[in-house]
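A.B. asks: In this note's numbering, the protein residues as written are 12 to 313.
All C-beta atoms in this analysis are idealised placements derived from N, C-alpha and C, irrespective of residue type, glycine included.
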Amino acid sequence: MCQVHPCGTVVSPLPLYRGRLAPSPTGLLHLGHARTFWVAQARARAAGGKLILRNDDLDTARWKLDFVAAMLEDLRWIGLDWSEGPDVGGPHAPYEQSRRGAHYAAAFEQLRASGAIYPCTCTRRDVQQALGAPHESALAPNPTDEPVYPGTCRPENLSPEENARRAAGLRDGVNWRLRVPDGEEISFHDGHAGDQRAVAGREFGDFLVWRKDGVPSYQLACVVDDAAMRITEVVRGADLILSTFRQLLLYRALGATAPAFFHCPLVHDEHGVRLAKRHDALALRTLRAQGKSPAALRAGWK
Ligand code: GLU
Ligand code: ZN
């Protein structure tokens, strides 16, 4: 709601809190996911805001229809509720990433036109070989993480002819990377863990924005959707902190305002194994089949 100032101008109100749940239907939801989502819901409610469900089904090779249905059911069963989403609609529909290709393509063209990204023909093996020993960041490692790219395909490392040839090339069939500002310290204030910093080019390098199979990267899709859906705070697991630095550079390159971030600490089991790695035993389905109640499972959560 806009308020009208006595002088007659419309004063735009503070943006309403908009949070989101963004599960990937690549397997069954487990207790670790649910706890993070529970925090996201609690923060949206405390702020009197909205919670949006987005189906991160970008990776069409890995997701299966069965998992989408199970995902929605499991989320509701554990006690989550949303006011916009694939099953309830809303002003920013569609809420499935597999149906938002036009948004990603437009962002890609914007990045290409501004020179923020460049095509890269390196295979994973090329990158590994150029780097020598496998590189692991000191920050929380995550499967979505990429090694620090050695810059082989940066335009300044190629001949003018090769650059011209690549510039005339098609979007698909080659990987595209965002050039990070080497040596720049990127920082943000995390709502849970406080101030975070990482040096571009050291903790993370030029990262994938578009894959050669014609699919946008997680980083691009996530930023495009969080911006388009007017998300004001992203609540997710601490394993994605390194991705947050990358995403901040994408917001900058796209001229979009970044949301606030709140990274939840990762949950470990009694043996110190991350819950995310124990899909089997701690899947919500399994726990439910064992007769556990949602309230009992949530008992220790804030
Ligand atoms: N679909 C992504 C995942 O489950 C979303 C991560 C995020 O919250 O940005 O890993
Ligand atoms: Zn390359």
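What runs of the alpha helix (DSSP H), each 4 residues or longer, lie entirely inside the segment 206–242?
C.D. replies: Taking only runs of at least 4 residues, the alpha helix (DSSP H) segments lying wholly in the segment 206–242 are 229–239.
A.B. asks: Under the three-state reduction of DSSP, which class applies to Ala310: helix, strand or coil?
C.D. replies: Correct three-state label for Ala310: coil.
A.B. asks: Under 8 angstroms from any heavy atom of the ligand GLU, does the C-beta of Ala294 make it?
C.D. replies: False, no ligand heavy atom lies under 8 angstroms from that Cβ.
A.B. asks: Under 6 angstroms from any heavy atom of the ligand GLU, by CB: list those residues in chain order, please.
C.D. replies: Every residue passing the under-6 angstroms Cβ criterion appears here: Ala33, Pro34, Ser35, Asp67, Cys233, Arg247 and Leu251.
A.B. asks: At a cut-off of 8 angstroms, is Asn174 close to the ligand ZN when judged by its beta-carbon and the heavy atoms of the ligand?
C.D. replies: Every heavy atom of the ligand ZN is 8 angstroms or more from the Cβ of Asn174, so no.
A.B. asks: Is Asp183 near the ligand ZN, judged by its Cβ being under 8 angstroms from some heavy atom?
C.D. replies: Not under cutoff, so the answer is no.
A.B. asks: List the whole-angstrom C-beta distance separating Gly225 from Asp183, where the pair is believed to meet the contact cut-off of C-beta under 8 angstroms.
C.D. replies: Right, the Cβ-Cβ distance comes to about 4 angstroms (below 8 angstroms), so this counts as a contact.
A.B. asks: Do Arg136 and Asp164 count as a contact pair if the criterion is CB distance below 9 angstroms?
C.D. replies: Looking at the sequence itself, residue 164 is Cys, so the reference to Asp does not match. For Cys164 and Arg136, no; Cβs fall outside 9 angstroms.
A.B. asks: Can the beta-carbon of Cys233 be found less than 9 angstroms from the beta-carbon of Asn186?
C.D. replies: It is not a contact, given that the beta carbons lie outside the stated cut-off.
A.B. asks: Can you tell me which of the three DSSP states His279 falls into?
C.D. replies: It is a strand residue.
A.B. asks: Please state whether DSSP places Ser254 in a helix, a strand or coil.
C.D. replies: In the structure shown, Ser254 sits in a helix (DSSP, three-state: H, G or I).
A.B. asks: Closer than 8 angstroms: is that where the CB of Asp1 sits relative to any heavy atom of the ligand ZN?
C.D. replies: Since the first and last residues shown for the chain are 12 and 313, residue 1 lies out of range.
A.B. asks: If you follow the alpha helix (DSSP H) that Gly317 is in, where does it begin and where does it stop?
C.D. replies: Absent from the model: residue 317. The displayed extent of the chain is 12 to 313, so no value can be given.
A.B. asks: Measuring CA to CA, which of Leu86, Gly60 and Ala53 is closest to Pro36?
C.D. replies: Of the listed residues, the one whose Cα sits closest to Pro36 is Leu86.
A.B. asks: According to DSSP, simplified to helix, strand and coil, what is Gly43?
C.D. replies: Looking at Gly43 - three-state DSSP - the assignment turns out to be helix.
A.B. asks: Suppose you measure from the CA of Leu295 to the CA of Leu62; what does that come to, to the nearest Å?
C.D. replies: Between Leu295 and Leu62, the C-alpha separation is close to 21 angstroms.
A.B. asks: Mind checking which residues open and close the beta strand (DSSP E) that includes Glu4?
C.D. replies: Limits of the chain in this structure are 12 at one end and 313 at the other, which puts residue 4 out of reach.
A.B. asks: Is the closest heavy atom of the ligand ZN to the C-beta of Cys275 under 8 angstroms?
C.D. replies: False, no ligand heavy atom lies under 8 angstroms from that Cβ.
A.B. asks: Using the C-alpha atoms, what's the distance from Ser198 back to Val31?
C.D. replies: In the sequence as displayed, the identity of residue 31 is Arg instead of Val. So the alpha carbons of these two residues sit roughly 22 angstroms apart.
A.B. asks: Among the candidates Tyr115, Gly101 and Leu39, whose CA atom is the shortest distance from the CA of Leu286?
C.D. replies: It is Leu39 whose Cα lies nearest to the Cα of Leu286.
A.B. asks: Let me know the secondary structure DSSP gives Trp173 once reduced to three states.
C.D. replies: For the sequence presented, residue 173 should be read as Glu rather than Trp. If DSSP states are grouped into helix, strand and coil, Glu173 belongs with the helices.
A.B. asks: Rounded to whole angstroms, what is the Cα-Cα separation between Arg46 and Tyr106?
C.D. replies: The straight-line gap from Cα to Cα measures roughly 22 angstroms.
A.B. asks: Is the separation between the beta-carbon of Gln301 and that of Thr255 shorter than 9 angstroms?
C.D. replies: Their beta carbons are not under 9 angstroms apart, which means Gln301 does not touch Thr255 by this criterion.
A.B. asks: If we count Cβ pairs, one from each stretch, closer than 8 angstroms, do we get three or more for the segment 235–247 versus the segment 276–284?
C.D. replies: With a cut-off of 8 angstroms, the segment 276–284 and the segment 235–247 do not count as touching, because too few Cβ pairs lie within range.
A.B. asks: If you run the structure through DSSP and keep just helix, strand and coil, what is Glu84?
C.D. replies: Reduced to three states, the DSSP call for Glu84 is helix.
A.B. asks: Taking 7 angstroms as the limit between beta carbons, can you name the residues of its chain near Arg257, skipping five residues before and five after?
C.D. replies: Counting only Cβ-Cβ distances below 7 angstroms, and skipping sequence neighbours, we find Phe215, Phe218 and Gln230.
A.B. asks: Would you decide whether His44 is buried or exposed? Buried here means 16 or more other CB atoms lie within 10 Å of its CB.
C.D. replies: It is buried - the Cβ of His44 has at least 16 other Cβ atoms within 10 Å.
A.B. asks: Measuring from the CB of Thr47, is there a heavy atom of the ligand ZN at a distance below 8 angstroms?
C.D. replies: False, no ligand heavy atom lies under 8 angstroms from that Cβ.
A.B. asks: Any heavy atom of the ligand ZN closer than 8 angstroms to the beta-carbon of Thr132?
C.D. replies: Answer for Thr132: yes, Cβ within range of the ligand ZN.
A.B. asks: At which residues does the beta strand (DSSP E) containing Arg247 begin and terminate?
C.D. replies: Glu244 to Gly248 is the span of the beta strand (DSSP E), which, as asked, contains Arg247.
A.B. asks: Counting pairs of beta carbons, one from the segment 86–102 and one from the segment 47–66, are three or more of them closer than 8 angstroms?
C.D. replies: Because the criterion of three Cβ pairs below 8 angstroms is met, the segment 86–102 and the segment 47–66 touch.
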